[in-house]
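Asks:
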Amino acid sequence: MKTQSNIEKRDLTSGSVFHTLIVFSLPFMLSTLLQTLYSMVDMMAVGNFVGKEGLSAVATGGQLMELITVFCVGFSTAGQIIISQHMGAHQEAKVCRISGTLCTILAGLALFLTAVGILGADVFLKILNIPPEAEGLAHTYVTICSLGILFTGFYNMIAAVFRGMGDSRHPLLFIAIASVINIVLDLFFIGVLKWQVAGAAAATVIGQASSVICSVIFLYRHQKEFYFSFQLQNFKPDRQMAKMLLSLGIPLGLQSSAVQISFLFVNSMINGLGVSVSAVFGAGQKLRNIPGIMTQAIGLGATAMIGQSFGAGLTDRVSKIYKSGCMVNAAIGTVITVVFFLFPEASFRLFTTDKGVLEYAPVFMFTLLIEIPAKIFMPSGSALISGVGNTRLSMTLALCDAFAGRIFLTWLFGNKLGLGAFGCFLGYTLATYVTAVPQVVYYLAGTWKGRKRLIAES
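In this text, residue positions in the sequence shown follow numbering that gives the first Met the number 0: the first is 0, and each later residue adds one.
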């Protein structure tokens with residue numbers, strides 16, 4: 000439905016499930032594709048103008064930044080879940096309290112994480128066993144990117160408000176602004192000014208800042224439509240809402256951090272195999288992210304739909320959303336991954352022409368085929384578990400995925416069995432089933448239908 004000021008707020012509890020999922024998720028998909036695009040442009044520019052050392056530095060530094068900022072994402076997801084359940088139950092009056100409390104929590108968290116990123120860069124990079132020739136470049140990248148963590152926190156807060164209310168279009172617009180600015184500045188800073196990885200980092204921060212400024216101006220002009228208030232008293236944390244946000248946000252943050260920590264451990268093992276293997280893994284992750292972020296976008300859309308439908312008590316609709324998500328993910332993930340598998344070297348040439356990197360391309364792409372079945376079910380499974388508010392289960396699965404899955408299997412195949420780079424790539428891929436299988440069992444068991452709704456707690 001639309002308000003009088005033509006601001007989109009979609010009721011996700013009615014209408015065709017499949018059609019609503021596609022239409023609502025499409026902006027998620029486009030926004031995540033844009034994020035991946037400007038991340039890939041970073042890698043392309045650095046790989047072609049700086050070399051494989053720069054490629055390794057940006058890949059490792061980027062993963063470290065994702066680890067540092069995962070709690071911002073965790074709390075914003077918690078806010079989205081709570082807002083969506085209240086919107087589904089038509090309790091819009093409480094959204095203002097939720098949004099103000101979320102903003103204050105994320106601002107404090109972002110300032111703390113900024114200090115962690117700047118002061119801890121050296122220590123973290125040494126732990127990651129980054130190749131010596133890439134260490135200085137990675138330190139520069141992490142230090143500059145840390146200055147943008149506050150913008151990351153605020154964007155995620157605003158996006159949570161929009162998405163929880165069923166508006167996926169405006170977050171896309173603000174990401175598009177960041178992407179265009181980032182890409183233009185990448186080419187200028189790296190290609191023209193020769194700032195190397197510092198240029199990539201500066202372009203990212205400026206793009207993020209521009210996006211946040213635009214989104215804050217928009218939200219300020221449409222406060223009433225989004226049940227938001229810029230009055231100072233609104234930012235005083237509401238104890239009840241803060242408790243709810245912490246109870247959901249901490250497990251979600253731990254879940255995401257566990258996955259990122261496991262990736263960094265894997266990255267450390269791979270970095271020990273040399274700069275060429277490190278570069279191919281970093282570039283390969285960007286390619287893996289293309290089908291991944293598209294299926295994940297379906298998962299994000301499904302999370303909001305499940306949140307509203309579960310808040311309204313529509314468990315049959317929740318089940319239909321889960322199945323529809325799996326169907327869409329099967330089509331997207333399979334087609335794109337097979338294309339990459341058929342043209343491995345051509346795909347990697349987007350990032351580098353280094354022969355030492357390209358010779359590993361077919362090996363990496365082969366492992367992607369193995370994870371297709373898991374990737375069909377994982378986004379919908381995560382959406383179901385998060386949408387009904389079962390973040391403890393979500394955290395438990397993430398811990399198993401991280402430590403029993405990614406770290407152990409990568410070590411087993413790469414080091415213990417002596418399969419080298421192929422073993423590391425294979426172990427990392429097989430770990431997806433550690434999460435996917437229990438998620439399917441949880442859906443089929445049906446215990447989620449009896450969970451207490453979050454609106455009952457507020």
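Every residue gets a Cβ at the ideal spot worked out from N, C-alpha and C, and that includes glycine.
Assign GLN265 to one of two classes, buried (16 or more other C-beta atoms within 10 Å of its C-beta) or exposed (fewer than that).
Replies: The count along the sequence shown starts at 1 and reaches residue 265 at position 266. In the sequence as displayed, the identity of residue 265 is Val instead of Gln. With 16 or more Cβ atoms within 10 Å of its Cβ, VAL265 is classed as buried.
Asks: Quick check on this structure: which residue in PHE217, ILE174, ALA58 has the alpha carbon closest to the alpha carbon of SER30?
Replies: Your numbering for residue 30 matches position 31 in the sequence shown. Comparing Cα positions, the closest option is ILE174.
Asks: DSSP three-state call for GLY281: helix, strand or coil?
Replies: Along the sequence shown, read from residue 1 onward, the residue named residue 281 stands at position 282. Reduced to three states, the DSSP call for GLY281 is helix.
Asks: Taking 6 Å as the limit between beta carbons, can you name the residues of its chain near GLN295, skipping five residues before and five after?
Replies: Within the sequence shown, numbered from 1, the residue matching residue 295 stands at position 296. Here the set comprises PRO378.
Asks: Can you tell me whether SER13 is helix, strand or coil according to DSSP?
Replies: Residue 13 sits at position 14 when you count from the first residue of the sequence shown. Residue state, collapsed to three classes: coil.
Asks: When the Cα atoms are used, what is the spatial distance from LEU398 to VAL258?
Replies: As a working mapping, residue 398 is identified with position 399 in the sequence shown. As a working mapping, residue 258 is identified with position 259 in the sequence shown. Approximately 7 Å between the Cα atoms of the pair.
Asks: Report the rounded CA-to-CA distance for VAL356 versus SER346, giving the unit in angstroms.
Replies: Position 357 of the sequence shown holds residue 356. Position 347 of the sequence shown holds residue 346. Whole-angstrom Cα-Cα distance: 12 Å.
Asks: Compute every distance between the C-beta of GLY355 and the non-hydrogen atoms of the ligand PLP, then say whether any falls below 7 Å.
Replies: What this structure holds is no ligand at all, so the ligand PLP is not there to describe.
Asks: With ALA199 as the anchor, note down where its alpha helix (DSSP H) starts and where it stops.
Replies: On the sequence shown, residue 199 is found 200 positions in, with the first residue counted as 1. Segment 195 to 220, the alpha helix (DSSP H) holding ALA199.
Asks: Could you check which residue in ILE371, LYS93, GLU358 has the C-alpha nearest to that of ILE331?
Replies: Locating residue 331 in the sequence shown gives position 332, counting from the first residue. When each option's Cα is compared against that of ILE331, the closest is ILE371.
Asks: Less than 8 Å between the C-beta atoms of ASN128 and GLY281, yes or no?
Replies: The residue labelled residue 128 in the question sits at position 129 within the sequence shown. The residue labelled residue 281 in the question sits at position 282 within the sequence shown. Going by C-beta atoms, ASN128 is not nearer than 8 Å to GLY281.
Asks: With DSSP collapsed to three states, give me the class of SER4.
Replies: The sequence position of residue 4 within the sequence shown is 5, counting from 1. For SER4, the pLDDT reaches just 46, beneath the cut-off of 50, and the residue's location in the model is therefore unreliable, although a value from the coordinates is still provided. Coil, per DSSP.
Asks: Alpha carbons only, please: which of PHE376, ALA430, THR113, VAL16 is nearest the one belonging to LEU149?
Replies: For the purposes of this step, residue 149 is taken as the residue at position 150 of the sequence shown. Per the Cα distances, THR113.
Asks: Is it the case that the Cβ atoms of THR302 and SER167 are separated by a distance below 8 Å?
Replies: Walking along the sequence shown from the start, residue 302 turns up at place 303. Walking along the sequence shown from the start, residue 167 turns up at place 168. For THR302 and SER167, no; Cβs fall outside 8 Å.
Asks: If contacts are defined as beta-carbon pairs under 8 Å, then LEU110 and PHE74 qualify, I think. What distance do you get, rounded to the angstrom?
Replies: What you label residue 110 is simply residue 111 of the sequence shown in a count that begins at 1. What you label residue 74 is simply residue 75 of the sequence shown in a count that begins at 1. Contact flag wrong, Cβ pair sits at about 14 Å.
Asks: Leaving aside the five residues before and after LEU286 along the sequence, list all residues of the same chain whose C-beta is less than 7 Å from its C-beta, in chain order.
Replies: As a working mapping, residue 286 is identified with position 287 in the sequence shown. So the qualifying residues of the chain are PHE339, SER346.
Asks: Rounded C-beta distance between LEU244 and GLY99? I'm assuming under 8 Å.
Replies: For this step, residue 244 is matched to residue 245 along the sequence shown. For this step, residue 99 is matched to residue 100 along the sequence shown. Contact doesn't hold; Cβ gap of about 11 Å is too wide.
Asks: Ignore the nearest five residues each way along the sequence and tell me which others in GLY459's own chain have a CB closer than 7 Å to its CB.
Replies: What is shown of the chain runs 0 to 457, which leaves residue 459 out entirely.
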